[in-house]
Amino acid sequence: MVNKHYQILWDTVALVQFKEIFVYIRKDSYQNALKVKNRIVKCVDNLKSEPRRYKPDQFRLDGDKAFRSFEVYNIRITYFIDDANLKVNIIRVWSTKQEPLTY
Numbered sequence: 530m531v532n533k534h535y536q537i538l539w540d541t542v543a544l545v546q547f548k549e550i551f552v553y554i555r556k557d558s559y560q561n562a563l564k565v566k567n568r569i570v571k572c573v574d575n576l577k578s579e580p581r582r583y584k585p586d587q588f589r590l591d592g593d594k595a596f597r598s599f600e601v602y603n604i605r606i607t608y609f610i611d612d613a614n615l616k617v618n619i620i621r622v623w624s625t626k627q628e629p630l631t632y
């Protein structure tokens with residue numbers, strides 16, 4: 530059995546959202562901001578070998594199972610699995626305290 534390793538790509542908007550969340554948390558606690566950041570980065574890194582470890586995104590209107598998401602400390606990360614090119618695209622990072630957007 531050949532283990533496939535996917536490449537992780539961050540959408541520009543997702544990176545900006547991630548940074549905004551980090552800066553917001555950092556206002557209260559730099560240590561907590563680092564804890565959240567490191568945990569998210571670790572979970573995203575795990576997608577390289579197991580991109581389907583999380584459930585399909587419940588906010589996806591068409592139910593496309595290539596779009597998946599997970600939560601870390603009330604932060605929701607949405608990603609798309611591109612099997613043809615062995616890539617995982619991080620497309621959105623947002624606080625679960627916000628209103629969810631369907632797409």
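In this text, residue positions in the sequence shown follow our numbering: the first is 530, and each later residue adds one.
Glycine included, each C-beta is placed from N, C-alpha and C at the ideal position.
Quick one: what's got a C-beta closer than 8 angstroms to L615's C-beta in the same chain, skipping five residues either side? Walking along the sequence shown from the start, residue 615 turns up at place 86. Counting only Cβ-Cβ distances below 8 angstroms, and skipping sequence neighbours, we find K533, H534, Y535 and Q536.
So for E549, helix, strand or coil by DSSP? By one-based count along the sequence shown, residue 549 stands at place 20. Looking at E549 - three-state DSSP - the assignment turns out to be helix.
Is D612 helix, strand or coil by DSSP? What you label residue 612 is simply residue 83 of the sequence shown in a count that begins at 1. Helix at D612.
Kindly list the residues whose CB is nearer than 7 angstroms to the CB of I550, restricted to its own chain and excluding five residues on each side of it in sequence; keep chain order. To locate residue 550, count along the sequence shown from 1; it is residue 21. Closer than 7 angstroms at the Cβ level, and outside the excluded window around I550, lie I604, V622 and S624.
Enclosing beta strand (DSSP E) for L576 [first to last residue]: Along the sequence shown, read from residue 1 onward, the residue named residue 576 stands at position 47. Per DSSP, L576 belongs to no beta strand (DSSP E) and is neither H nor E.
Rounded to whole angstroms, what is the Cα-Cα separation between I569 and V601? Counting from one through the sequence shown, the residue named residue 569 turns up at place 40. Counting from one through the sequence shown, the residue named residue 601 turns up at place 72. When rounded, the distance between both Cα atoms is 7 angstroms.
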